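Structure, as structure tokens:
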Amino acid sequence: MELAQIRMFKTVADTGSIIRASELLHCVPSNITTRIKLLEEELGTQLFIRQGRGLVISPSGVIFLEYANEILFLCDEASRAISMNAPPSGVLKIGAIESSATSRLPKLLSQYHQEYPLVKLQFSTGTWPQLIKDVSEFKLDGAIIAVDQKHPSIERLKIYKEELIVIASPSLGELKQPKDLSDKDIYMWPVGCPYRSALEHWLSLNNVSVQITSMASYATILGCISAGSGVSLVPKSVYEQFKGIGGIRGYSFEQIPSIQSYFIWNKKSKGHRAKDVFIDLLKSVC
Numbered sequence: 001m002e003l004a005q006i007r008m009f010k011t012v013a014d015t016g017s018i019i020r021a022s023e024l025l026h027c028v029p030s031n032i033t034t035r036i037k038l039l040e041e042e043l044g045t046q047l048f049i050r051q052g053r054g055l056v057i058s059p060s061g062v063i064f065l066e067y068a069n070e071i072l073f074l075c076d077e078a079s080r081a082i083s084m085n086a087p088p089s090g091v092l093k094i095g096a097i098e099s100s101a102t103s104r105l106p107k108l109l110s111q112y113h114q115e116y117p118l119v120k121l122q123f124s125t126g127t128w129p130q131l132i133k134d135v136s137e138f139k140l141d142g143a144i145i146a147v148d149q150k151h152p153s154i155e156r157l158k159i160y161k162e163e164l165i166v167i168a169s170p171s172l173g174e175l176k177q178p179k180d181l182s183d184k185d186i187y188m189w190p191v192g193c194p195y196r197s198a199l200e201h202w203l204s205l206n207n208v209s210v211q212i213t214s215m216a217s218y219a220t221i222l223g224c225i226s227a228g229s230g231v232s233l234v235p236k237s238v239y240e241q242f243k244g245i246g247g248i249r250g251y252s253f254e255q256i257p258s259i260q261s262y263f264i265w266n267k268k269s270k271g272h273r274a275k276d277v278f279i280d281l282l283k284s285v286c
């Protein structure tokens, strides 16, 4: 079954004449007759009944016409949706690591929704390996990660750099140098987190050995620290957002480098207007 057959069927049903349908579709009548006969054979039923020089749609044809109208409408809608001249629409599935989801993305997603209200945003968080996997398998249209992970299927865009801040409860006293962390409880995301790697590298450079407790949640990390327990390293944007809850003090150290963040998408994803304008928005604000 082909779209051309369905369109021919609908035109004949609307006009009641193969001759008139051929004029509208700019093809010879015999072509329409042949294509409709093949369609009837495929469906195993008669779609039209001959009446004099014209055609009357059969009961089966009436049922099929309802589906034909819906199929052709959806095809036309799909064409409009992916047209470069049409406003972005459809579903946009974006993922992000939790730090970006917590601090930077809410404002960006709100702005995107205001500018492109026809797009249905779907958002999720995950670890960077999972996000890369989901983008490569087309489960996500794009994602924000904090590692420069090269992948044969992935295109990437540098967006913003995250300045990193050591945070601790004021009750632990002032942290002036790396060795001040040596007797403290350290809470960080599990192994593989780029912020954890930055902390471990900084402490190693200064010959400081610590034990790190893994916590896969900023809410948990911030809750422990505000309650007077432990130290962590978080993006400045996260610290700025939550320092108002009290019980958290931030410390900057020049030796701790900022971490580059990236927006990634699948190289094979072409003609996705909703994703393309999301990238344009990222470029304009980052």
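Residue numbers for the sequence shown, in UniProt numbering: 1 to 286.
Glycine included, C-beta positions come from ideal geometry on N, C-alpha and C.
All figures in this text were calculated on a predicted structure; none of them were measured in a lab.
The stretch 88 to 99 and the stretch 145 to 165 touch, with three or more beta-carbon pairs separated by less than 8 Å. Measuring C-alpha to C-alpha distances from S83 to each of C286, G44, G271 identifies G271 as the nearest. For the pair R104 and S237, the CB atoms are nearer than the 7 Å cut-off. In this model, K268 and P152 are separated by some 11 Å (Cα to Cα). Per DSSP, the beta bridge partners of T125 are A96. Taking a contact to require three or more Cβ pairs closer than 8 Å, the stretch 243 to 259 and the stretch 168 to 176 qualify as touching. At a Cβ-Cβ threshold of 7 Å, A21 and V28 do not count as neighbours.
A distance below 7 Å between beta-carbons, with the five flanking residues on each side excluded, links L199 to the following residues of its chain, in chain order: M188, L233.
Judged by their CB atoms, Y67 and P88 are not nearer to each other than the 7 Å cut-off. Contact check for I18 against I32 passes: the beta carbons are separated by less than 7 Å. Every unbroken stretch of the beta strand (DSSP E) spanning 3 or more residues and falling wholly within the stretch 52 to 97 is given here in chain order: 54 to 57, 90 to 96. The criterion of a C-beta distance shorter than 7 Å is not satisfied by L47 and S30. Under the three-state reduction of DSSP output, Q5 falls in the helix class.
Counting along the chain, the unbroken alpha helix (DSSP H) around L205 starts and ends at 194 to 205.
When secondary structure is reduced to three states using DSSP, V135 falls in the helix class. Each residue's CA atom was taken as its position, placing L55 and E40 some 14 Å apart. If the five residues before and after I71 are omitted, its C-beta is found closer than 8 Å to the C-beta atoms of L3, I6, all from its own chain and listed in chain order.
DSSP places Q260 inside the beta strand (DSSP E), whose first and last residues are 259 to 266. In the DSSP annotation of this structure, the continuous segment of the beta strand (DSSP E) that includes T213 starts and ends at 212 to 214.
For the pair I186 and I212, the CB atoms are nearer than the 7 Å cut-off. The beta carbon of K179 lies closer than 8 Å to those of N206, V208 in the same chain, with the five residues before and after it left out. In this structure, the beta-carbon distance from G192 to L140 does not fall below 7 Å. Ranked by how close their Cα comes to the Cα of V91, the residues K283, L282, D280, D276 have D276 in first place.
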